[in-house]
Amino acid sequence: MTFEEVYKMWFEQYKTTVKESTAYTQAGIISVQILPYFGSLRVDKIDTAYCQKRINKLHNHYKNYHNVISLLRRIFDYAKSMKQIKVNPMDDIVIPKRKREIVIDNEHDSDFYDKNQLKEFLDLLKRNEPYQMYVVFRVLAFTGMRKGELAALQWSDVDFINGTISVNKTVALDSTGKFNIQTPKTRKSVRTISVDTITLNTLKTWKNKLRKELFKQGKNIDKGDGFIFHTENGKLILKHINYFLTTIIKKYDLPPIKPHGFRHTHASLLFESGASIKEVQDRLGHENIKTTMDIYTHVTKSAREKTAEKFANYIGF
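As structure tokens, this is what we get:
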């Protein structure tokens with residue numbers, strides 16, 4: 012039996028234990044980083060020396076090599092349980108250490124916008140671009156939602172009276188490469204976010220605009236699928252967010268940022284406004300507080316640097 016045959020059997024079992032989006036991602040990694048080197052080989056002829064050789068090459072080219080090692084181990088464990096091999100050739104490999112990369116601070120700064128950059132960006136969208144896209148990025152920046160969570164939002168999730176948005180689902184790729192509504196990323200991701208008055212009003216304005224647009228098409232906003240954001244052809248907006256942002260950054264020569272950067276922006280500005288680490292963790296739905304702490308460390312470092320500049324400017328010599 013070949014490695015690929017074992018893999019296919021293992022994958023049928025594996026995909027029942029994880030979300031479709033996870034299975035789809037892992038299948039892509041395996042098809043690119045594992046199958047070209049292991050697929051056609053007889054599984055009982057693959058030894059530790061061959062595995063070690065592949066891992067040594069792998070760790071210099073891919074940041075996720077630990078994940079690849081884990082996948083290989085799982086597949087060989089499955090082969091062992093199926094009596095195709097007696098020992099797992101991955102058991103005795105030595106995991107190489109990656110050389111630590113030095114990150115230049117100003118490159119990391121493109122991960123999020125400061126307050127002035129965010130204001131400039133949103134003002135620009137409001138003046139010159141489709142109103143829906145202004146609302147999309149206003150909501151991302153003022154709630155810290157993941158783009159998949161935003162794309163899955165329905166009008167029933169917005170409580171205009173109490174000023175909250177319920178996050179209870181996300182849009183993600185399934186195993187066939189199609190976008191589907193799924194449960195959120197983690198248990199902590201299910202949350203209710205309080206929303207400021209201006210952001211709520213932009214949502215109200217968008218709902219009224221959308222109601223008029225749909226009425227012209229002979230549709231009723233209260234009888235559709237209920238999703239807040241759509242592309243022009245009525246599809247979920249997830250993929251379009253990336254395309255739009257890339258286009259806007261190039262068009263107006265803006266500092267580079269990705270959709271997830273607005274989540275980082277929100278967290279950073281929360282810290283600057285005095286929010287506690289626990290408050291930020293709960294608002295963003297971080298399962299692991301280390302994720303929140305990493306952002307906090309980055310923000311406080313930037314604040315220290317600004318403090319030094321303020322002092323030097325005040326002294327003047």
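For the sequence shown, this note's numbering assigns the number 12 to the initial residue and increments by one for each residue that follows.
Built from N, CA and C at the ideal position, the CB exists for glycine as well.
Just so it is clear, the structure is predicted and the values come from calculations on it, not from any experiment.
For residue i, three-class secondary structure by DSSP
{"i": "Thr-154", "result": "helix"}
{"i": "Phe-22", "result": "helix"}
{"i": "Phe-190", "result": "strand"}
{"i": "Ser-287", "result": "coil"}
{"i": "Glu-16", "result": "helix"}
{"i": "Ala-163", "result": "coil"}
{"i": "Leu-46", "result": "helix"}
{"i": "Ser-279", "result": "helix"}
{"i": "Ile-209", "result": "helix"}
{"i": "Val-178", "result": "strand"}
{"i": "Thr-27", "result": "coil"}
{"i": "Leu-184", "result": "strand"}
{"i": "Thr-203", "result": "strand"}
{"i": "Asp-264", "result": "coil"}
{"i": "Asp-168", "result": "helix"}
C-alpha distance - residue i paired with residue j, whole-angstrom precision
{"i": "Leu-295", "j": "Ala-286", "result": "12 Å"}
{"i": "Glu-16", "j": "Val-98", "result": "18 Å"}
{"i": "Ser-205", "j": "Thr-175", "result": "4 Å"}
{"i": "Gly-245", "j": "Gly-50", "result": "41 Å"}
{"i": "Lys-199", "j": "His-297", "result": "6 Å"}
{"i": "Lys-68", "j": "Leu-225", "result": "55 Å"}
{"i": "Thr-59", "j": "Asp-102", "result": "8 Å"}
{"i": "Glu-23", "j": "Val-105", "result": "29 Å"}
{"i": "Glu-31", "j": "Gly-39", "result": "12 Å"}
{"i": "Gly-229", "j": "Lys-137", "result": "27 Å"}
{"i": "Leu-82", "j": "Tyr-18", "result": "10 Å"}
{"i": "Ser-121", "j": "Leu-129", "result": "With a pLDDT of only 45 at Ser-121, under 50, the local geometry of the prediction cannot be trusted, and the value read off the model is given with reservation. Cα-Cα distance, rounded: 12 Å."}
{"i": "Glu-243", "j": "Glu-283", "result": "37 Å"}
{"i": "Asp-207", "j": "Met-156", "result": "14 Å"}
{"i": "Thr-45", "j": "Glu-140", "result": "Note that residue 45 corresponds to Ile in the displayed sequence, not to Thr. Computed Cα separation, rounded: 44 Å."}
{"i": "Asp-264", "j": "His-241", "result": "26 Å"}
{"i": "Tyr-25", "j": "Ala-34", "result": "8 Å"}
{"i": "Lys-250", "j": "Thr-181", "result": "13 Å"}
{"i": "Val-178", "j": "Pro-195", "result": "8 Å"}
{"i": "Ser-184", "j": "Lys-227", "result": "Before going further, note that residue 184 is Leu rather than Ser in the sequence given. Computed Cα separation, rounded: 32 Å."}
{"i": "Gln-193", "j": "Leu-164", "result": "12 Å"}
{"i": "Val-43", "j": "Thr-36", "result": "11 Å"}
{"i": "Thr-197", "j": "Ile-41", "result": "24 Å"}
{"i": "Ile-300", "j": "Arg-202", "result": "16 Å"}
{"i": "Glu-131", "j": "Lys-289", "result": "29 Å"}
{"i": "Thr-27", "j": "Lys-234", "result": "34 Å"}
{"i": "Arg-85", "j": "Asn-78", "result": "11 Å"}
Integer Cβ distance of residue i from residue j, believed to fall under 8 Å
{"i": "Phe-190", "j": "Leu-247", "result": "5 Å"}
{"i": "Gln-95", "j": "Val-29", "result": "Rounded, the Cβ-Cβ distance is 23 Å, inconsistent with contact."}
{"i": "Phe-87", "j": "Pro-107", "result": "Not confirmed; about 19 Å, so no contact."}
{"i": "Pro-267", "j": "Ile-260", "result": "6 Å"}
Cutoff 8 Å; reference residue i; Cβ partners in own chain excluding five residues on either side
{"i": "Arg-222", "result": "Ile-232"}
{"i": "Ser-167", "result": "Gly-237"}
{"i": "Thr-13", "result": "Gly-50, Ser-51, Leu-52, Arg-53, Val-54"}
{"i": "Leu-151", "result": "Lys-158, Leu-161, Pro-270, Phe-273, Arg-274, His-277"}
{"i": "Cys-62", "result": "Leu-83, Pro-100, Met-101, Ile-104"}
{"i": "Lys-91", "result": "Lys-97, Val-98, Asn-99"}
Near the ligand NAD: residue i beta-carbon under 7 Å from a heavy atom
{"i": "Ala-38", "result": "What this structure holds is no ligand at all, so the ligand NAD is not there to describe."}
7 Å CB neighbourhood of residue i in its chain, flanking five on each side removed
{"i": "Arg-149", "result": "Leu-133, Thr-210, Thr-213"}
{"i": "Lys-126", "result": "Leu-280"}
{"i": "Ile-57", "result": "Phe-14, Phe-49, Pro-100"}
{"i": "Asn-173", "result": "none"}
{"i": "Val-169", "result": "Ile-176, Leu-214"}
{"i": "Asn-253", "result": "Pro-270"}
{"i": "Lys-220", "result": "Tyr-142"}
{"i": "Met-144", "result": "Leu-136, Phe-255"}
{"i": "Phe-171", "result": "Leu-211, Lys-215"}
{"i": "Ile-239", "result": "Leu-164, Gln-165, Trp-166"}
Beta-carbon proximity list for residue i, same chain, < 6 Å, skipping 5 on both sides
{"i": "Tyr-89", "result": "Trp-21"}
{"i": "Thr-154", "result": "Ile-204"}
{"i": "Trp-217", "result": "Val-146"}
{"i": "Tyr-76", "result": "Leu-69, His-70"}
{"i": "Arg-65", "result": "Tyr-48"}
{"i": "Val-291", "result": "Ala-278, Leu-281, Thr-303"}
_Complete runs of the beta strand (DSSP E) confined to the region 225-260 [at least 3 residues]_ = You should have found no qualifying run.
*Curious, which full-length alpha helix (DSSP H) runs of at least 4 residues does the region 77-145 contain?*
116-119, 126-139
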